Amino acid sequence: MYGVAMEVSAVVWNSLEITKLAVEALVPLSIFVLGGVVERRSQLLEQTIWKAQKGIEWKQSLFDRTIGGFNKLFCAFNYIGNWRNLSPQEIIETKRALDVEIYGYRMLLSPETVTAYNKLSDVAFSTFRGRGLQMQIRANVSMYAGSAHDWNDSYREMFVPDAEHVKRRDFNSAYENFMSLYFGDVGLRGEIKSTDAREL
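Counting in the numbering used here, the sequence shown runs from 389 upward without gaps.
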């Protein structure tokens, strides 16, 4: 009977020892596995933060490169600021430079912003006029002919006919819609208010 008790005690002791050893072995293994999981999650978080920061930097860089061009178009179609010094060639080249930037980096922008840019372009310029024909500016050619510095009458061909020019209110509506979305895309929220909606 005593021998049986000893055997049972030995079995219990062995089981306790084995369990104890197993637990002692599992603790470092658990810490190692948990540490690996935490490290992977930490790396994923760092990559996500890095991508978000890079996206913001690229968007802000795009904004910095284009805001001057958009301001130039705003002046050209509202006949304010230095519009008298803007030649038709400069207005058209400004639009082309903006196309390169906006379409080149359109993946950084929301589809709504790109659509609004296309709408602004269509409102401000007559494009796709046929093979070999240059785009035309939808601003009021009479305003330019009567007030622009260094005006040459051959410039008239670079504008739509007088009766087809865009009204300021229509240009400003498209401009404000685009700029509001654009500011939002680059993290600079705010509403754009037009300074002049008079019809010309």
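Positions of the beta carbon are idealized from the N, C-alpha and C atoms, including for glycine. Predicted model only: the values in this text are computed from it and were never measured.
Beta-bridge partners of residue i, as assigned by DSSP
i    : result
S561 : Looking at the DSSP assignment, S561 forms no beta bridge with any residue, so it has no partner.
I525 : F513 and F547
Assumed close pair residue i, residue j - CB separation to whole angstroms, cut-off 8 Å
i    : j    : result
F465 : R556 : 7 Å
T515 : L486 : With a Cβ gap of about 13 Å, T515 and L486 do not count as contacting.
A504 : L461 : Not really, about 14 Å apart at Cβ, beyond 8 Å.
I480 : M523 : 6 Å
L450 : Y491 : Not confirmed; about 11 Å, so no contact.
Run of the alpha helix (DSSP H) containing residue i, from where it starts to where it stops
i    : result
T503 : P499 to A512
A533 : V529 to S535
I479 : P476 to G492
Burial state of residue i (16 or more Cβ within 10 Å)
i    : result
Y563 : buried
P416 : exposed
Y570 : buried
N528 : buried
T407 : exposed
V488 : exposed
V574 : buried
E587 : Bear in mind that a pLDDT of 43 at E587, under 50, signals an unreliable position, so the number given afterwards is only what the model happens to contain. Per the 10 Å Cβ criterion, exposed.
N560 : buried
K483 : buried
V502 : buried
Sub-7 Å separation of residue i and residue j beta-carbons
i    : j    : result
P499 : M546 : no
R517 : H553 : no
L533 : R472 : Here residue 533 is Ala; the residue named in the question, Leu, does not match the sequence. Against a cut-off of 7 Å, the Cβ pair of R472 and A533 comes out as no contact.
C463 : G469 : yes
W446 : L496 : yes
L508 : F566 : yes
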